[in-house]
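Single-structure report; data block below.
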Amino acid sequence: MENPYFREKIRTFEIKERRISELLEDVKDTAYQGRKLGEVFEVYKTMLQDEDTTIIMGLAGSMSTAGMWKIVRWLILNNYIDILVSTGANISEDIYECIGASYWKGSPFVDDAELYEYKIDRFYDVYASEEDYRRMEKLIEEFADTIDDKKIYSSRSFLWEFGRFLDNKRIHSIVHASYIKRLPIYSPAIADSAYGIALVRLKRKKGKLITIDAALDLEELTKILAYSKKTGVIYIGGGVPKDFVQISTYLAPVFGINARSKPHEYAIQITTDSPQWGGLSGCTLEEAVSWGKISAKAKKVTCYCDATIALPILAQAISELKIFRKPPMNFEKLLSE
């Protein structure tokens, strides 16, 4: 009787001179999360080489404070993602560094009451100056005071206006990159960040209320998905960015899609969360198939790994391939129609 289980051998990893991209190719034949990171690399390469695919990144957490924001900016500038859906933290806390402030190596085992006295804010093992953080918030407030408060904005249109403001000040952040590339960027929970603080302060000081409509965000993203031939997703963490991208798939019929949903054809997930607690951040890509959010035939893989480990390795490996890629469509034109 033929054994159906012994199909591919584990290849023992050997030390030799190699590029990061070659390392990922090799660990794909090992086990555990090393194998999964190698598989993530394979799926991402396939996505990038598929000219019909719109690539959407969901970026959760506080990755900019961890030194990851220039990776995201690089992905935008090289057309390695087409849409970014982010927490407000990731697209504000990079600006903190852009205006000359620094994040500092810290410790989670510290007297936080003493940090408070020193006006130091802690992000696990990272320290930031509260005074510099307030400077960043004031910059956002200064910008918000320049735009029309009679208009209703999507977070994308609001952030593109902010990108124009940052361009004039030569502040080269993630939002700035999205503006110059005309890459749609969404932050559906934008008030849960320095942006919300800045907008409330502006309202209290001057009575100027800037309205950002999260439902308009969802409508725009769904339109992009509906008019894309195919979509692929990259989830760094989970949370609101992941769920927001996922629900657009079964809203697609409002744009004339003759199906229950329009599921993603590619999916990558890097997370440290587990599915058994019932939260979206740990929800498996397989579970998403039941909702019609991920295609049953999709190329998909989850790597359970700290994103500060996986993302730099993955991006560096992709950079070695020097893939030339153009956006699959003119998103600015689509959203203006």
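Reminder that position 230 of the sequence shown reads as 1019 in the working numbering, one-by-one numbering, no gaps. Here a beta-carbon is modelled for each residue, glycine too, at the ideal position from N, C-alpha and C. On a predicted model such as this, the values are computed, not experimentally measured, just so you know.
Which of helix, strand or coil does DSSP assign to residue i?
i	result
H1053	strand
K1111	coil
A1085	strand
T1000	strand
Y975	strand
K1018	coil
K894	strand
Y794	coil
P1030	helix
E806	coil
A1106	helix
I1046	coil
D815	helix
V899	coil
E840	coil
C1072	coil
S967	helix
S962	coil
D981	coil
G1067	coil
N957	helix
S1037	helix
Using the DSSP secondary-structure output, state which residues sit across from residue i in a beta bridge.
i	result
M846	L873 and I1023
A917	D910
C1092	I1059
Y942	I1001
Rounded to whole angstroms, what is the Cα-Cα separation between residue i and residue j?
i	j	result
V1034	V874	7 Å
L1014	P1042	11 Å
D910	L904	7 Å
G827	T1060	15 Å
S1090	F951	The residue you asked about is not Ser; residue 1090 is Val in the sequence shown. The alpha-carbon atoms of V1090 and F951 are separated by roughly 35 Å.
K1012	P897	43 Å
W1066	G1027	14 Å
K939	A983	22 Å
R862	E919	25 Å
I974	Y942	13 Å
I979	R1114	30 Å
D956	A933	15 Å
D815	K958	45 Å
D1095	T854	14 Å
A878	G850	7 Å
D1062	Y869	25 Å
I845	A902	40 Å
I999	D839	39 Å
L1123	T1097	34 Å
V964	K798	45 Å
Y1093	G996	46 Å
L813	K908	42 Å
V1107	A1003	The sequence given here has Ile at residue 1107, not Val. Their backbone Cα atoms lie some 33 Å apart in a straight line.
W893	F954	28 Å
E1076	Q822	20 Å
L948	K1086	35 Å
G895	L928	26 Å
K825	T1073	14 Å
A917	F1044	45 Å
I1046	I1036	15 Å
I1025	W858	12 Å
R971	I1112	20 Å
R796	E803	22 Å
K805	E811	11 Å
S1017	F1120	10 Å
Since residue i contacts residue j with CB under 8 Å, what's their CB separation in whole angstroms?
i	j	result
L1103	V829	6 Å
E930	L991	5 Å
S944	D1006	5 Å
Y913	Y885	Actually they are not in contact, since the Cβ atoms of Y913 and Y885 sit about 16 Å apart, beyond 8 Å.
T843	D883	Not a contact, Cβ separation roughly 24 Å.
I1083	P1117	Not really, about 19 Å apart at Cβ, beyond 8 Å.
T1038	G1081	6 Å
G847	V1022	7 Å
I888	M925	6 Å
Y833	I1001	Their Cβ separation, rounded to whole angstroms, is 31 Å, which puts Y833 and I1001 out of contact at 8 Å.
R807	T819	R807 to T819, Cβ: 14 Å. No contact.
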